[in-house]
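The structure appears below as structure tokens.
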Amino acid sequence: MTSDMGYDTAAAATIWANGRPVYDRGENVCVIGAGGSGLAAIKNLKEHGFGVDCFERETGVGGGWNWRHDRSPVYASTHLISSKPFTQYPDFPMPDSWPDYPHHSQVLSYLERYADHFDLRPHIWFGTEVVHVEPAPDGYWDVTTRGARGGAERTARYAALVVANGHNWSPKRPAYEGLDEFRGQVIHSSAYKDSAQLRGKRVLVVGAGNTGCDIAVEAAQQAVRCWHSARRGYWYAPKYAFGKPSDQVNDVVLAMRLPLRLRQWLFHRTMRMTVGDLTRFGLPKPDHRIYESHPVANSQLVYYLGHGAITPVPDVVRFHRGSVELTSGEHIEPDLVVLATGYLPRFEFLAPDVLSADADGRPRLFMHMFSRRYPTFAVAGLLQPDSGIFALVHWQTVAFARWLRLRDVAPARASAFWRRASREPDRRWTDAKVKDSTRHWFEISHTRYLRALGKTLDELAVAW
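In this text, residue positions in the sequence shown follow this note's numbering: the first is 223, and each later residue adds one.
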């Protein structure tokens, strides 16, 4: 990184706060994280005329899609579960020659090319970790950083802040009785990188989300035996329906704006024709209607269930020294337990009140992005959509860039928008009754969310 952006230039005005120097970055905006969301934020803020400094703790772009990064949840066989048209940025399409569901290495190369195409790298401080952020007077933000492997801390003041550190990197680990005494190996899926870890072992996979099903399928091919534990029933959608990627078929149905119950009936009928009744394999019956929880996109699970290579089992009760006890009373003896139990959002550099977090730690933000307390603060990518996320985060960051510009050129309009946004109650952005669990905190229907975001973009439109 060159010094024309840095803190060490003689031209940088220094402020003193709490007995330490704070380097004034003027009207620049700070972006935390250079993954898919952070890159979109840099690009759209830059296009709206803002100076941008981005801090990335790793040595390259890509965030979770760069499996060389310590916090990446990606494993060797990871592919997209949303197809290309519903994953790509709207102004930077993926190559036509790529498959419907690209491999994670292709997604990383896509993000790298995006960064190069829009000349984003000069704005990124690689190997730099944000350790603390706090509000400063007049809507500014003091951002304290240090080298990702140590070093002196430095604080800089910014006119606005976008947090894009992702929410799929901090493992959610269940607290099972007896886990410490278990003689076998227990890992979270975040530590799973390659099917070689399963080879020749008796494997229990806990968790029936997309990751849990993927690992169970790999264990069916590599392990001596595979048990797959599901706490509750889910809907399992094939990756293809009627010869097309399933999300593309679903989007056609959503575009018709059919009543929810009719869409649910159509989905159930399609599932009966393509997947069948999975309870006959021993999977629990779903305890919810479709669209009330994110369906699992996996075409291979049924194949390996039908061939007896995966044994469905109920939830885990407790661990013993040499076995795992299930709610059915059965005891199984795995060598390796993989906890595919998801992730929790973590913003360790922020005080909870900045996010208006509730007692459970769930951020309460307008449209899952705008702070209700701080008009110069936003979170990008805090969504769990029924599609890919890049297009959504593109429009989120365009909205925030427009909002910042509106505050400069039309303060009265900006004030009216802020009054409405800061008071609007939480919305789920889905017409189904979504489960109220950590897995579904940020669940949205991409069509409903985009329609609402489109109205916000119109409201914030301004000539400058």
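Don't be surprised by glycine CBs; every beta carbon is placed ideally from N, CA and C.
A straight-line Cα-Cα distance of about 6 Å links V353 and T366. Taken through DSSP and simplified to helix, strand or coil, E681 comes out as helix.
Between the stretch 559-579 and the stretch 471-488 there are fewer than three C-beta pairs closer than 8 Å, too few to call the two in contact. Boundaries of the beta strand (DSSP E) harbouring Y380: R376 to Y380, taken from the DSSP string.
One Cα belongs to D313, the other to Y336, and the distance between them is close to 10 Å. L558 has Q407 and V425 as its beta-bridge partners, per DSSP. Boundaries of the alpha helix (DSSP H) around F639: P633 to R645. In this structure, A378 lies near Y245, with their beta-carbon atoms less than 8 Å apart.
Rounded to the nearest angstrom, the gap between the Cα atoms of T549 and G373 is 49 Å. For the stretch 331-392, the full-length beta strand (DSSP E) segments reaching 3 residues or more read 346-348, 350-357, 363-369, 376-380 and 382-385 along the chain. Rounded to the nearest whole angstrom, the CA to CA distance from V253 to V384 is 5 Å. Y513 places its beta carbon less than 8 Å from that of L482. Out of V446, V601, E646 and R670, the CA that lies nearest to the CA of N387 is found in V601. By the beta-carbon neighbour count (other beta carbons within 10 angstroms, threshold 16), D318 is exposed. The Cβ-Cβ distance between I666 and G258 does not fall below 8 Å.
Using a Cβ distance threshold of 8 Å, L566 and S392 count as a contacting pair. The continuous alpha helix (DSSP H) containing S259 extends over residues G258 to E269.
Our two residues, W238 and A358, have alpha carbons roughly 12 Å apart in a direct line. At least 8 Å separates the beta-carbon of V518 from that of G429. Annotation: G544 to E440 spans about 24 Å, alpha carbon to alpha carbon. Per DSSP, reduced to three states, the secondary structure at E514 is coil, with no helix or strand assignment. When Cβ pairs closer than 8 Å are counted between the two stretches, the stretch 413-423 is seen to touch the stretch 288-301, the count reaching three or more.
For L548, DSSP records a beta bridge to V538. M591 is not a Cβ neighbour of L572, given a cutoff of 8 Å. Taking a contact as a CB-CB distance under 8 Å, the pair C448 and T501 does not count as one, their CB atoms being some 19 Å apart.
By the CB criterion at 8 Å, P506 and G551 fall outside the cutoff. In the structure shown, P607 falls within a strand segment according to DSSP collapsed to helix, strand and coil.
E280 carries a coil assignment under DSSP once its states are collapsed to helix, strand and coil. Of the other Cβ atoms in all chains shown, fewer than 16 fall within 10 Å of the Cβ of T236; this residue is therefore exposed. In the structure shown, W449 falls within a strand segment according to DSSP collapsed to helix, strand and coil. When the beta-carbon positions are compared, L679 and W640 stay at least 8 Å from each other. In this structure, V524 is the residue among V524, R586, S515 and A382 with its C-alpha nearest to the C-alpha of F503. As computed with DSSP, E665 is found in a beta bridge with Q606.
Counting the other Cβ atoms within 10 Å of the Cβ of E280 gives 16 or more, which makes it buried. In the DSSP annotation of this structure, the continuous segment of the alpha helix (DSSP H) that includes T492 starts and ends at L482 to T496. A685 counts as exposed, since fewer than 16 other C-beta atoms from the protein chains shown sit within 10 angstroms of its C-beta.
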